[in-house]
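J.: The numbers in full-length UniProt numbering rise by one with no breaks, and the one at position 239 of the sequence shown is 239.
If you scroll down you'll find the structure; I have some questions about it.
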Amino acid sequence: MKEPIYVTQPYLPPLEEFTEYLQKIWDDKRLTNNGPMHQKLENELCEYLGVPEIALFNNGTIALLTALQALRITGEVITTPYSFVATAHSLLWNGISPVFVDINPDTLNLDPKKIEAAITPHTSAIMPVHCYGNPCDVKAIQEIADNYNLKVIYDAAHAFGVQDEGGSVLRHGDLSAISFHATKVFNTFEGGAIVCPDAKTKQRINNLKNFGIVDEVTVVAPGINGKMSEVNAAFGLLQLQHIEHVLASRKEIAQLYGEYLSSVSGITVVPHSGQTVSNHAYYPILVGEEYPLTRDELYQKLKDNGIFGRRYFYPLISEFSMYRGMPSAAPENLPVASGVAEKILCLPIYPTLDHLAIEKISDIIANPHSF
Ligand SMILES: *Cc1c(COP(=O)(O)O)cnc(C)c1O
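If you want it as C-alpha cells, here you go:
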C-alpha cells in the first residue's frame with residue numbers, strides 16, 4: 001500500500017462548510033470567553049448527548065484537572081493503570097496520590113471487586129476510565145462510593161456518544177470528563193468538557209476554568225485558563241452535523257473487521273461491555289498464545305506493510321518512572337492489566353478507512369507468514 005495507514009485519522013468536514021462559521025466569528029469579533037459559538041455548542045451537546053449540563057474546555061486534561069478541583073478532591077484516588085497517562089497525571093498535578101487497582105479481564109476497566117481492598121482513610125475518590133468507550137461497571141462502583149463516602153469522577157475521554165440502557169454513559173458518577181482531541185471520535189482540534197448534574201456545579205466549574213473570576217472585582221478560587229475558543233466551538237458545531245455519518249462509518253468498519261477476524265485462531269476481539277450504543281472509538285484485539293506471532297511481531301509485521309497499529313495501553317501508566325515506585329504500581333498488584341498490556345493491539349479505525357485496507361489488514365493478521 002502506498003500511503004501509510006495510521007491507527008486513526010481525524011475527521012474533517014469539507015473546508016468550505018467551515019468558512020461560514022469563521023465569517024460569523026469575524027463579524028461578531030468574539031473570540032473566546034463564553035461567546036455565541038461556545039454557548040450554542042454547550043446547548044447542542046447537552047441535547048445530542050442527553051445530559052443535563054456540560055462545560056466546555058480547551059482540552060480533556062484540563063477538564064480532568066478542573067473536575068478534581070471542583071469536587072475538592074485530595075489525598076488518594078483509586079484509578080486504573082490501563083489508560084492514557086493523562087488519567088493519572090491529572091491526579092499528580094493536583095497533588096493527589098493515584099492508587100492503582102487492577103482491571104477486570106473481560107471489560108479491561110477498573111475491577112470493582114478489587115477497589116475496597118485499596119481504600120484507606122486518605123481515599124477521597126475513584127477515577128475509573130470507560131476504556132475504548134466500553135462502560136465501566138457503574139453500578140458496583142457507585143455502591144462502593146456510597147458505602148465509603150467517595151466521589152466518582154469518570155475519565156470518559158473515549159465515551160462520546162456511548163449509551164447504556166438508561167442513556168448516555170456520561171451521566172454516571174459525580175462528574176465525567178471527555179476529550180475532543182483530534183484523535184477522538186468527536187473532535188474540535190483540541191477540546192474537552194465536563195458533564196455535570198446541575199447548574200450550581202456547572203457554575204463552580206465555569207468559575208474555575210476562568211481563573212476563578214466571578215466578576216470584575218471578585219476572584220473566588222485559584223482557577224485556571226480552561227476555556228474553549230470560539231473557533232474550536234464553531235468547529236464542534238460543524239462536527240455535530242456530521243456525527244451520525246462518523247458513527248455509522250465506524251460501526252461498518254468494526255463489523256467488517258469482526259467478520260474477517262472472528263475465525264483467526266489466537267486473535268480475540270475485545271468485546272463490548274454492556275453498552276446499547278457503541279461509538280467504535282477503537283478496534284482493540286488481543287494477540288494470544290495460539291497466534292503464530294507475538295503481539296510485538298504482529299505489530300512490526302503490520303508496520304513493515306505500512307500499517308501503524310498502536311499498543312494502547314502499553315506500557316501501563318504504573319510502569320512510567322513517576323509512578324513506578326508507588327506500592328500500588330507493583331506488577332504483582334496488577335496481574336490482569338500487566339498481562340493485557342502485553343497482548344493488546346489497536347487496529348486502524350476511522351471513517352475514511354476504505355474497505356480494501358480493512359481487507360488487507362485482516363489478511364495480514366490471518367496469514368502473517370504470507371507477508
Ligand atoms: C485523550 C485522553 C485524555 C486526554 O484528553 P486531551 O483532550 O488530549 O487532553 C485523557 N484520558 C484518556 C483516557 C484519553 O484517551
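No residue lacks a Cβ here, since even glycine has one placed at the ideal position from N, Cα and C.
Pick from Phe189, Pro105, Gly35, Tyr283: whose alpha carbon is nearest that of Gln255?
T.: Ranking Phe189, Pro105, Gly35, Tyr283 by Cα distance to Gln255 puts Tyr283 first.
J.: Note the first and the last residue of the continuous beta strand (DSSP E) segment covering Ala182.
T.: Counting along the chain, Ala182 falls outside any beta strand (DSSP E), and DSSP gives it neither H nor E.
J.: Which residues in the same chain as Glu20 place their Cβ atom closer than 8 Å to its Cβ, once the five residues preceding and following it in sequence are excluded?
T.: Excluding sequence neighbours, Glu20 sits near nothing in its chain.
J.: Got a sec: does ligand 1 put a non-hydrogen atom nearer than 8 Å to the Cβ of Lys2?
T.: Every heavy atom of ligand 1 is 8 Å or more from the Cβ of Lys2, so no.
J.: Return yes when the C-beta of Glu289 is under 8 Å from any heavy atom of ligand 1, and no when it is not.
T.: Result no, Cβ not under 8 Å from ligand 1.
J.: Given a cut-off of 9 Å, decide if Tyr323 and Phe84 are closer than it, judged by their beta-carbon atoms.
T.: Not closer than 9 Å, so no.
J.: Note down, in chain order, each residue of its chain lying with its Cβ closer than 7 Å to the Cβ of Ser90, except the 5 sequence neighbours on either side.
T.: Result list for Ser90: Thr61, Leu64, Leu65, Leu68, in chain order.
J.: Across which residues does DSSP place Lys151 in a beta bridge pair?
T.: Partner(s): Ala125.
J.: Using 9 Å as the limit for Cβ to Cβ distance, is Asn333 near chain D?
T.: Here there is only one protein chain, and chain D is not present.
J.: Taking Lys251 as the reference, which of Pro121, Lys113, Ile358, Pro105 has the closest Cα?
T.: Answer by Cα proximity: Ile358.
J.: What's the gap between the Cα of Asn333 and the Cα of Gly339?
T.: Going from the Cα of Asn333 to the Cα of Gly339 covers about 12 Å.
J.: Is the beta carbon of Ala55 within less than 8 Å of some heavy atom of ligand 1?
T.: No, the beta carbon of Ala55 sits no closer than 8 Å to any heavy atom of ligand 1.
J.: Taking buried to mean at least 16 other C-beta atoms within 10 Å of its own C-beta, is Asn225 buried or exposed?
T.: Burial call: exposed.
J.: Is there contact between the region 16–32 and the region 136–144, where contact requires at least three CB pairs shorter than 8 Å?
T.: In short, these stretches do not touch, since the Cβ pair count stays below three.
J.: If you measure between the beta carbons of Val162 and Leu170, is that distance less than 9 Å?
T.: Closer than 9 Å, so yes.
J.: Have a look at Arg295 and Lys113 and give me their C-alpha separation to the nearest angstrom.
T.: If I take the Cα positions, the gap works out to 29 Å.
J.: What is the DSSP secondary structure of Phe100, counted as helix, strand or coil?
T.: Strand at Phe100.
J.: May I ask which residues mark the beginning and end of the alpha helix (DSSP H) holding Glu252?
T.: 230–261 is the span of the alpha helix (DSSP H), which, as asked, contains Glu252.
J.: Return yes when at least one heavy atom of ligand 1 lies under 8 Å from the C-beta of Asp155, else no.
T.: Yes, Cβ of Asp155 sits closer than 8 Å to a heavy atom of ligand 1.
J.: Looking at C-alpha atoms only, which residue of Gly167, Ala221, Asn59, Ser318 is the closest neighbour of Tyr48?
T.: Residue Gly167 is the option with its Cα nearest to Tyr48.
J.: Cβ of Tyr260 within 9 Å of Cβ of Ala366?
T.: Yes, Cβ-Cβ distance for Tyr260 and Ala366 is below 9 Å.
J.: Under three-state DSSP, which class holds Leu92?
T.: Helix.
J.: How about Gly133 and Ala281: do their beta carbons lie closer than 9 Å?
T.: Cβ distance < 9 Å, so Gly133 and Ala281 count as in contact.
J.: Consult DSSP for Gln300 and reduce its assignment to one of helix, strand or coil.
T.: In the structure shown, Gln300 sits in a helix (DSSP, three-state: H, G or I).
J.: Would you mind reading off the limits of the alpha helix (DSSP H) that contains Pro36?
T.: Per DSSP, Pro36 belongs to the alpha helix (DSSP H) from 36–49.
J.: Thr276: buried (16+ other C-beta within 10 angstroms of its C-beta) or exposed?
T.: Exposed, since its Cβ has fewer than 16 Cβ neighbours within 10 Å.
J.: Any idea if Asp102 is buried or exposed, counting beta-carbon neighbours within 10 angstroms, 16 or more meaning buried?
T.: Answer is buried; the Cβ neighbour count reaches 16.
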